[in-house]
Amino acid sequence: MTLIRLQNISRRYRMGGETVHALRDVSLEIRRGEYVAIMGPSGSGKSTLMNLLGCLDTPSEGSYELNGVRVSEMDDDQLAEIRNREIGFVFQTFNLLARANALHNVELPLIYAGVPVHERRRLAREALARVGLADRLQHKPNELSGGQRQRVAIARALVNQPSLLLADEPTGNLDSRTGNEIMALFDELSRLGNTILLVTHEEDIARHAHRIIRLRDGRIASDEAAQSPRTTFRGADGANPGGNRQRMVE
Amino acid sequence: MNLFSELREGLGISLDALRANKLRSALATLGIVMGIVTVTLMGAAINGLNQAFIRNVSSLGADVFYVSRFKWFNNSYQDWLSMRRRPPITLAQAETLARRLTLAQAVAPEASIEASVQFGTRSAGGVDIIGTTEAYLQTSGVDVADGRFLTAGDGESAQPVCVIGSDVATNLFRDESPLGRRLRIAEHSFLVVGVLQKQGLMFGNSLDNRIIVPLQAFLREVWSQPDIDEILVKAADTAHLDEAREELRQVMRHVRHLRPEQPDDFSINQQEQIVAWFHAQTAVIALVGLCVTSLALLVGGIGIMNIMFVSVAERTREIGVRKAIGARRRTILLQFLMEAATICFGGGMIGLGIAWGATRLVRYWLFPASLSPVIVLLAMLVSVMTGVISGFLPAWRAARMDPVEALRSE
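So the protein lines, in turn, are chains A and B. The first sequence runs contiguously to residue 256 in this note's numbering. The second sequence runs contiguously to residue 423 in this note's numbering.
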């Protein structure tokens with residue numbers, strides 16, 4: 007069943023006197039339950055695509071249907087509701103509210119959804135338990151390790167049972183061991199049926215996904231099933247993993 | 014998400030934010046505190062003056078008309094001159110009024126002069142000597158503490174008796190009982206038959222430094238002319254003051270032989286006029302004072318606006334996160350409005366506390382001032398409104414932020 011349908015999406019910005027084509031005529035479908043990685047060098051349009059998919063931004067042209075609802079022409083407040091209901095965000099820098107404890111951070115989407123207080127406490131506790139933080143409810147972000155913070159963020163993303171989990175470089179600020187733990191959590195969430203969209207520039211991370219979409223210059227350069235993590239990866243642009251890493255450093 | 018839970022959530026967030034920036038919040042509040050203190054004190058002062066004034070003029074009686082040649086409040090010197098040319102008020106006119114008025118309860122002619130009085134070797138100066146009749150007891154609202162008041166008999170026979178105010182009693186007689194003693198007014202001897210109850214001050218003048226004598230005796234011994242100052246007419250029914258006043262006017266016109274086209278050559282004064290005049294004065298003072306003091310509030314408000322802009326700027330990322338998670342514009346707007354309103358309400362409460370203390374001090378040392386519940390409520394309302402108004406622009410900026418931009422900020 008199709009969850010996301012992008013048709014001929016373009017996104018232009020005006021910067022100074024110049025028009026920047028961040029996305030050109032992108033069409034894309036993602037089915038419910040898929041585990042997709044979006045890759046591409048900086049300036050390839052992957053951030054723009056993520057913002058559009060996350061309903062943080064609207065396209066200049068084209069249509070975007072999320073879960074059967076056309077969201078490309080919605081206004082700010084309608085988009086806010088869609089984000090609240092349909093999308094769970096996981097950011098590279100966690101983006102937790104510093105003054106709020108873990109429980110309150112996870113409750114936040116439920117507050118905006120208007121869930122009564124007892125119900126949302128229960129749901130938030132469950133979500134935190136699911137990411138293994140049942141004993142860290144009252145901790146503030148600065149009392150938690152990086153991996154724990156990202157788990158809180160994942161709990162917050164999951165608590166509204168969104169249709170789509172959108173993770174933007176979720177391991178970018180973590181050491182490789184903690185990063186692997188977080189990726190293991192995503193893998194498990196995927197197995198449990200969540201639709202996950204992973205934006206990354208790390209091949210190792212992208213290989214956790216089942217499908218990899220590569221962007222270049224605002225277009226989809228390739229869209230294919232990911233090889234299993236053990237097999238050697240060759241991207242559609244012909245670059246080997248070493249080449250990719252090279253580009254990443256730029 | 015309904016408005017109530019949004020407000021509650023907003024309040025929680027704003028308290029959190031204020032707690033996180035205690036010093037900054039306190040400093041931001043300072044301006045509001047000052048503003049509320051000045052505005053409240055201004056209000057308390059005006060309120061106190063009004064109350065004191067009403068207390069002062071209450072001795073005039075709300076239902077008593079003062080018929081005189083002069084209006085209490087003249088528009089100009091010319092007015093005053095023309096009123097001086099009016100024919101005098103006479104005792105005969107007062108007697109006619111007493112006979113013909115149906116809506117009056119009592120009519121008391123009155124003439125007075127300031128004089129010094131002697132008792133033995135003691136003397137007291139600047140005493141108001143009032144010539145009137147027994148009806149004065151009703152029209153002036155005085156009460157006898159000791160002895161008796163004037164009687165109709167005193168008037169008819171022009172008895173040289175007098176009723177003295179409590180100040181006169183203490184000044185001249187010290188600890189002795191004045192009843193049955195004789196004192197001298199303008200070289201004439203008067204027998205003290207009564208002492209009045211203490212009345213206090215009116216506009217700083219003692220109402221107890223007076224001696225009341227029968228009008229006939231007054232005119233003969235002290236005054237030496239047939240005219241009187243004014244006629245006090247007490248209405249029978251306070252519910253029909255206007256009718257009583259109109260009847261009084263018509264009878265007066267008739268008594269003074271005025272033709273229909275002629276204007277009144279007398280004035281009917283009422284406590285109400287003084288009150289209205291006074292309120293007009295204090296309203297001007299209040300308006301000017303409020304304008305000046307609200308400048309302080311304005312400065313406080315600008316301080317709040319400034320601090321809110323800072324608060325919004327440094328929480329841009331938080332705003333981005335909240336929006337990404339599903340906060341609508343209204344939610345963000347309310348959050349920051351609540352924050353500004355909370356700061357200002359806190360400042361307002363502190364300001365009220367200071368103003369309360371200051372009011373007590375002022376009342377103790379300077380003049381009557383009082384904090385009425387209305388002023389307290391208004392001050393709270395004004396402080397919250399200041400918060401909402403000065404917080405609006407920053408909150409609006411926060412609410413309209415583009416989530417993508419906001420999330421990108423450091």
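Note that beta-carbon positions come from the ideal geometry of N, C-alpha and C, so glycine has one too.
Opposing strand residues paired with residue i [DSSP bridges]
i	result
F78 of chain B	B:V246 and B:Q283
D240 of chain B	B:T103
N34 of chain B	Bridge partners of N34 of chain B: none, in fact.
E67 of chain A	A:S16
G144 of chain B	B:A124 and B:V226
T8 of chain A	A:R37
M45 of chain A	A:R220
G302 of chain B	BP columns for G302 of chain B are empty, so no partner.
R225 of chain A	A:R222
M215 of chain B	B:N218
L21 of chain A	Correcting the residue identity first, residue 21 of chain A is Met in this sequence and not Leu. For M21 of chain A, which the question treats as bridged, DSSP gives the partners A:E24.
Q131 of chain B	B:S136 and B:R197
R130 of chain A	Inspection of the sequence shows that residue 130 of chain A is occupied by Ala rather than by Arg. DSSP, once it has assigned bridges, lists no residue as partnering A130 of chain A.
C175 of chain B	B:V205
R76 of chain A	A:E71
Beta-carbon neighbours of residue i, restricted to chain A and to distances below 7 Å
i	result
K336 of chain B	A86
G417 of chain B	Correcting the residue type first, residue 417 of chain B is Val in the shown sequence and not Gly. Simply N57, L62 and D63.
E331 of chain B	L103
Contacts of residue i in chain B (Cβ-Cβ under 7 Å)
i	result
N90 of chain A	I338 and G339
R105 of chain A	D29 and A33
G74 of chain A	What G74 of chain A touches in chain B: nothing, since even the nearest Cβ is about 19 Å away.
Whole-Å CB distance - residue i paired with residue j, under 8 Å assumed
i	j	result
I281 of chain B	L254 of chain B	With 8 Å as the limit, I281 of chain B and L254 of chain B do not qualify as a contact, their Cβ atoms being about 11 Å apart.
G173 of chain A	L203 of chain A	According to the sequence displayed, residue 173 of chain A carries Ala and not Gly. Contact holds; Cβ gap of about 7 Å.
T201 of chain A	L170 of chain A	5 Å
A107 of chain B	L185 of chain B	In fact, because the Cβ distance is near 30 Å, the residues do not count as touching under 8 Å.
I244 of chain B	L114 of chain B	Contact doesn't hold; Cβ gap of about 10 Å is too wide.
E92 of chain A	N73 of chain A	6 Å
I388 of chain B	T53 of chain B	6 Å
Distance CB(residue i)-CB(residue j) smaller than 8 Å
i	j	result
S38 of chain B	I345 of chain B	no
V165 of chain A	M56 of chain A	no
L62 of chain A	V417 of chain B	yes
S403 of chain B	G314 of chain B	yes
N107 of chain A	L143 of chain A	yes
G44 of chain B	V323 of chain B	no
S179 of chain B	D221 of chain B	yes
G212 of chain B	S72 of chain B	Residue identity differs from the one stated: residue 212 of chain B is Gln in this sequence, not Gly. Yes. Within cutoff.
A75 of chain B	T183 of chain B	no
D367 of chain B	V77 of chain B	It is Ile, not Asp, that sits at residue 367 of chain B in the sequence shown. Taking 8 Å as the Cβ cut-off, I367 of chain B and V77 of chain B do not qualify as a contacting pair.
N90 of chain A	G339 of chain B	yes
R17 of chain A	T54 of chain A	yes
R197 of chain B	Q131 of chain B	yes
V120 of chain B	I102 of chain B	no
L139 of chain A	Q154 of chain A	yes
V176 of chain B	V206 of chain B	yes
8 Å Cβ cutoff, residue i in contact with chain A
i	result
R342 of chain B	yes
R410 of chain B	no
Residue-chain proximity (residue i, chain B), Cβ-Cβ < 8 Å
i	result
N148 of chain A	no
D83 of chain A	yes
G224 of chain A	no
F95 of chain A	yes
G22 of chain A	no
G120 of chain A	yes
Y19 of chain A	no
D243 of chain A	Residue placement at D243 of chain A is flagged as unreliable, the pLDDT there being 43, under the threshold of 50; a coordinate-derived value is accordingly withheld.
R127 of chain A	no
Q252 of chain A	Summary for Q252 of chain A: the model assigns pLDDT 37, below 50, so the residue's position carries little reliability; its value from the coordinates is reported in the next sentence. Taking Cβ atoms only, chain B never reaches closer than 8 Å to Q252 of chain A, which makes this a no.
R240 of chain A	In this predicted model, R240 of chain A has a pLDDT of only 43, less than 50, meaning its place in the structure is not dependable; the value taken from the coordinates is given anyway. Judged by the 8 Å Cβ criterion, R240 of chain A is not in contact with chain B.
Proximal residues of chain A, C-beta to C-beta of residue i below 9 Å
i	result
E327 of chain B	Correct list: empty, because the minimum Cβ distance to chain A is about 11 Å.
Contact set between residue i and chain B, taken where Cβ atoms lie within less than 8 Å
i	result
L114 of chain A	R335 and I338
Interface flag, residue i vs chain D, CB-CB below 8 Å
i	result
R155 of chain A	The structure shown contains no chain D; its protein chains are A and B.
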